[in-house]
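Have a look at the structure below, then the notes.
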Amino acid sequence: MSGADETRHGVSLTNLDQSLFDGADATKRDLVDYLDAVGERILPPLRGRPLSVVRVRPGQPPFMQKNLPKYTPDWVRRTPVWAEASHREISYALCDDRRTLLWFANQRAVEYHPTLATVDDLHRPTHLVLDLDPPEGDSFGLAVAAALLVRQALADAGLAGAVKTSGAKGVHVFVPVAAGATAEDMAAATRALAVRAERLDPALATTAFIRQDRGGRVFVDSTRAGGATVVAAYSPRLRPGVPVSFPVDWADLPDVAPADFTIRTAPALVADRDPWAERLPEPQPLPADLVAQGHTIPVARVQAMHEGKRRARARRQTEASGSADAG
């Protein structure tokens with residue numbers, strides 16, 4: 085075995101001294117060491133949830149892997165999920181233990197995106213999530229300001245949430261929901277919260293799904309519902325310097341930057357505590373008025389699709405009219 089190869093927890097690790105990806109300023113060993121160091125923190129958000137990962141191979145563009153490859157060891161737990169879009173059954177991994185986590189690290193899986201529902205009930209998410217997506221540029225401060233609007237909208241509804249950096253340029257707000265709510269009601273409540281946050285400061289926040297309609301505002305994304313995935317707390321991201329999605333106290337949020345939390349700095353911050361587990365509130369019932377309001381709000385993705393078709397028709401009519409006038 086070469087100096088770049090070793091075995092941990094029964095997993096053979098190879099090519100550890102290779103660069104992780106262009107701009108990472110890190111090796112594959114750094115990724116493995118990070119995931120090994122934070123295993124007790126990242127595994128609880130992954131456990132029992134069908135997992136998609138973003139992998140990167142030398143000389144190839146990154147890709148998201150949902151279906152486990154044929155060479156996956158038998159000891160990796162998995163669950164079949166029917167994919168309506170592709171009309172086939174997908175074999176998702178369940179990353180429940182350190183051995184599986186290290187196997188994924190050896191596969192150069194950098195990002196970890198679990199579903200919002202557990203394998204016990206794939207039709208019922210356990211959390212609401214609002215994803216604050218700021219405009220291009222150095223705009224993390226705008227995402228923070230929009231997250232504080234979401235916090236206010238939650239408080240006004242009698243709810244509480246926890247916040248983490250996305251590890252990219254945005255912020256995620258998680259709201260644990262008590263058993264009993266349907267996926268449809270949870271999606272409706274998420275839409276209502278997004279609209280309420282937007283109304284608190286429409287110059288800062290928008291629920292416009294179509295990018296060109298956002299006008300430099302922060303997109304309050306309410307579409308992370310149902311079968312959606314969200315990058316896990318403590319997951320690395322495929323960005324320069326390999327930042328990680330990291331929990332932040334609401335009071336500290338205005339003073340942090342995504343680059344504060346990387347695979348190099350995060351292990352020391354979670355060595356003796358689990359800030360994500362500490363900050364997540366207990367599951368809460370959804371207020372009936374919030375759910376009712378949400379059911380009156382169109383699903384953003386569907387609305388955007390219809391609006392896109394309407395605009396395309398209008399363009400064609402304008403072009404046809406212009407051609408007729410030219411004739």
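Each position in the sequence shown, counted from 1, maps to that position plus 84 in my numbering.
Note that beta-carbon positions come from the ideal geometry of N, C-alpha and C, so glycine has one too.
Bear in mind that the values here come from a model prediction, so they are computed numbers and not experimental data.
Is DSSP giving residue i helix, strand or coil here?
| i | result |
| --- | --- |
| residue 351 | helix |
| residue 166 | strand |
| residue 128 | helix |
| residue 97 | strand |
| residue 136 | strand |
| residue 401 | helix |
| residue 156 | coil |
| residue 90 | strand |
| residue 371 | coil |
| residue 256 | strand |
| residue 338 | helix |
| residue 362 | helix |
| residue 332 | strand |
| residue 177 | strand |
| residue 394 | helix |
| residue 172 | strand |
| residue 149 | strand |
| residue 346 | strand |
| residue 111 | strand |
| residue 116 | helix |
Under 6 Å Cβ to Cβ from residue i, same chain only, skipping five residues before and after it: list those, please.
| i | result |
| --- | --- |
| residue 275 | 306, 378 and 381 |
| residue 51 | Limits of the chain in this structure are 85 at one end and 411 at the other, which puts residue 51 out of reach. |
| residue 338 | 228 |
| residue 336 | none |
Please classify residue i: is it buried, with 16 or more other beta-carbons within 10 angstroms of its beta-carbon, or exposed?
| i | result |
| --- | --- |
| residue 270 | buried |
| residue 85 | Caution is warranted here: a pLDDT of 47 is assigned to residue 85, below 50, making its placement in the model unreliable, and no coordinate value can be reported. |
| residue 125 | buried |
| residue 196 | buried |
| residue 291 | buried |
| residue 154 | exposed |
| residue 207 | exposed |
| residue 251 | buried |
I'd like to know whether the C-beta atoms of residue i and residue j end up nearer to each other than 9 Å.
| i | j | result |
| --- | --- | --- |
| residue 302 | residue 226 | yes |
| residue 334 | residue 203 | no |
| residue 289 | residue 282 | yes |
| residue 122 | residue 318 | yes |
| residue 185 | residue 120 | yes |
| residue 331 | residue 359 | yes |
| residue 316 | residue 130 | yes |
| residue 213 | residue 257 | yes |
Skipping 5 residues on each side, what residues in its chain have a beta carbon closer than 7 Å to that of residue i?
| i | result |
| --- | --- |
| residue 188 | 137 and 179 |
| residue 107 | 324 |
| residue 175 | 151, 152, 162 and 164 |
| residue 312 | 200 |
In chain order, what residues of the same chain have a beta carbon less than 8 Å from the beta carbon of residue i, not counting five sequence neighbours either side?
| i | result |
| --- | --- |
| residue 182 | 93, 120, 123 and 127 |
| residue 367 | 210, 260, 261, 262 and 263 |
Could you give the uninterrupted runs of the alpha helix (DSSP H) lying entirely in the stretch 193–249, keeping only those of 4 residues or more?
For the stretch 193–249, whole alpha helix (DSSP H) runs of length 4 or above, ordered along the chain, are 224–240.
Identify every run of the beta strand (DSSP E) within the stretch 268–321, keeping only runs that are complete inside it and at least 3 residues long; order them along the chain.
Secondary structure remark: continuous beta strand (DSSP E) runs of at least 3 residues inside the stretch 268–321, in chain order: 302–305.
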